[in-house]
Amino acid sequence: RDNLSHENLYVEFHDGGVAVIVLNRPKALNALSPDLTRELGAALDTLEADDTIGAVVVTGSAKAFAAGADIKAMKDWSYMDVYGADFITATWERLTTFRKPTIAAVAGYALGGGCELAMMCDFILAADTARFGQPEITIGTIPGAGGTQRLTRLIGKSKAMEMVLTGRMMDAAEAERAGLVSRILPAEELLPEAIKTAQKIAGMSRPIAMLAKESVNRAYETTLAEGIRFERRLFHSTFATEDQKEGMAAFVEKRAPAFRNR
Ligand code: CAA
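Using UniProt numbering, the letters of the sequence shown correspond one by one to residues 3 to 264.
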């Protein structure tokens, strides 16, 4: 299947129901210009509607996942420009409403909006070259796409506060220790391993994977008691699916399940 090409990114299709969105604006280290984020939103709309896709990897280049919002585009914007357009817009946040599982495969710089974009994915796999940071304060602004909120929930107040107030970068080892990334891989293995992981997820029942994602995300939005109640209702609902019958029957019959996504 042919790649889907946009000006600032392209989408590769892989076996096993996996799509890889490759941010591709090398001259600006994948700085997230309005055009790039619009294209990202459009690509996600396409992949959400595509029944053959079960999981999505978002990645950049070896040097940069993304070096943040586009400073050259932003520098002269007025308050009314950013308030009026509600920057950061829904095109950036499209990842947070995307219902299929998403993996950020990060090599090189994930700074500012780049770090925020990675954190909007369901989990982050990092190359040993990855560098994470929220350097907005060094250019006279603050994170605007969830950096003060998601980073704090992921790594705790002390580390998040230090990162946001000093703008310093974390390397991959520190990011893994802090719980920002799920695993570190040698740079050359990052994308193959991310695709393999996505294929594994896409091989599960699609609706069940979506329910699992929805339930984990709920942990960030609610109290423990309400979250547990929400989880239990979704867990109960899995018993209304054919794939739950198939999965459990296959286990008992000692064979691989043949999920039909229903
Ligand atoms: N916006 C626009 N252009 C950018 C960019 C950005 N965020 N980051 C890098 N570029 C451009 C550079 O201007 C340069 O372009 P030219 O060749 O035309 O000068 C090109 O990409 C290569 O960058 P460098 O020459 O700077 O590369 P380097 O290897 O010396 O340094 C870097 C790499 C440390 C990542 C450095 O580029 C840098 O500090 N970038 C900015 C990081 C940043 O501050 N990000 C936060 C943005 S604000 C934000 O994201 C707000 C929000 O919360 C939504």
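Each residue gets a CB set at the ideal place from its N, CA and C atoms; glycine is no exception.
These numbers were taken from a predicted model, which means no experiment stands behind them.
Original post:
Just checking my contact of ALA21 with ARG27 at CB under 8 Å: how many whole Å lie between their CB atoms?
Top reply: The count along the sequence shown starts at 1 and reaches residue 21 at position 19. The count along the sequence shown starts at 1 and reaches residue 27 at position 25. No, ALA21 and ARG27 are not in contact; Cβ-Cβ is about 19 Å, not under 8 Å.
Original post:
Would you say GLY70 touches the ligand GDP, meaning its beta carbon is less than 7 Å from a heavy atom?
Top reply: Looking for the ligand GDP in the displayed structure turns up nothing; the ligands present are the ligand CAA.
**OP:** State buried or exposed for ASN5, treating a residue as buried only when at least 16 other CB atoms are found within 10 Å of its CB.
**Re:** For the purposes of this step, residue 5 is taken as residue 3 along the sequence shown, with counting starting at 1. ASN5 is exposed by the Cβ-count criterion.
Subject >> Burial state of ARG208, where buried means 16 or more other Cβ atoms lie within 10 Å >> reply: In the sequence shown, counting from the first residue as 1, residue 208 sits at position 206. The residue in question, ARG208, is buried, as its Cβ has 16 or more Cβ neighbours within 10 Å.
Original post:
Is there at least one non-hydrogen atom of the ligand CAA closer than 7 Å to the beta-carbon of LEU31?
Top reply: In the sequence shown, counting from the first residue as 1, residue 31 sits at position 29. Correct: LEU31 has its Cβ closer than 7 Å to the ligand CAA.
**OP:** Keeping to the same chain, check which residues put their C-beta closer than 6 Å to that of VAL183; ignore five residues upstream and five downstream.
**Re:** By one-based count along the sequence shown, residue 183 stands at place 181. These residues qualify, in order along the chain: ILE126, ALA128 and ALA177.
**OP:** Could you please give the first and the last residue of the uninterrupted beta strand (DSSP E) stretch that includes THR61?
**Re:** Taking the sequence shown and counting its residues from 1, one reaches residue 61 at position 59. First-last of the beta strand (DSSP E) with THR61: 57 to 61.
Original post:
Near ARG40, what residues of its chain come up, given a Cβ to Cβ distance below 6 Å and the 5 sequence neighbours on each side ignored?
Top reply: Here the question's residue 40 lines up with position 38 in the sequence shown. The residues are THR93.
**OP:** Output the distance between the C-alpha atoms of ARG231 and PHE237, rounded to the nearest integer angstrom.
**Re:** Mapped onto the sequence shown, residue 231 falls at position 229. Mapped onto the sequence shown, residue 237 falls at position 235. Going by the C-alpha atoms only, they are around 10 Å apart.
Subject >> Extent of the continuous alpha helix (DSSP H) to which THR143 belongs >> reply: Within the sequence shown, numbered from 1, the residue matching residue 143 stands at position 141. It is not in any alpha helix (DSSP H) - THR143 carries neither H nor E in the DSSP assignment.
Original post:
At a Cβ threshold of 8 Å, is THR61 touching chain B?
Top reply: Considering every chain present, this structure includes no chain B. It has just one protein chain.
Subject >> Buried or exposed by the 16-neighbour rule on C-beta atoms within 10 Å, applied to ILE133 >> reply: The residue labelled residue 133 in the question sits at position 131 within the sequence shown. Correcting the residue type first, residue 133 is Arg in the shown sequence and not Ile. So ARG133 ends up on the buried side.
Subject >> Every unbroken alpha helix (DSSP H) within the stretch 178 to 204, with a cutoff of 4 residues, ordered by chain >> reply: 192 to 204
**OP:** Compute the Euclidean distance between the alpha carbons of GLU191 and MET82, then round it to the nearest angstrom.
**Re:** Mapped onto the sequence shown, residue 191 falls at position 189. Mapped onto the sequence shown, residue 82 falls at position 80. Those two C-alpha atoms are separated by around 45 Å.
Original post:
What residues are listed by DSSP as bridge partners for ILE23?
Top reply: Within the sequence shown, numbered from 1, the residue matching residue 23 stands at position 21. Paired residue(s): VAL13 and VAL60.
Original post:
Quick one: is the Cβ of ALA91 within less than 7 Å of any heavy atom of the ligand CAA?
Top reply: Mapped onto the sequence shown, residue 91 falls at position 89. First, the residue type needs correcting, since residue 91 is Thr and not Ala in the sequence shown. Outside the cutoff, so no.
Subject >> Distance, PHE261 Cα to MET206 Cα >> reply: What you label residue 206 is simply residue 204 of the sequence shown in a count that begins at 1. What you label residue 261 is simply residue 259 of the sequence shown in a count that begins at 1. Their Cα atoms are separated by approximately 7 Å.
**OP:** Leaving out five residues on either side along the sequence, give the residues of the same chain with a beta carbon under 6 Å from the beta carbon of PHE253.
**Re:** Locating residue 253 in the sequence shown gives position 251, counting from the first residue. Once the five neighbours on either side are set aside, PHE253 has no close Cβ partner at all.
Original post:
Does DSSP classify ARG262 as helix, strand or coil?
Top reply: Here residue 262 is taken as the residue at index 260 of the sequence shown, counted from 1. In the structure shown, ARG262 sits in coil (DSSP, three-state: anything other than H, G, I, E or B).
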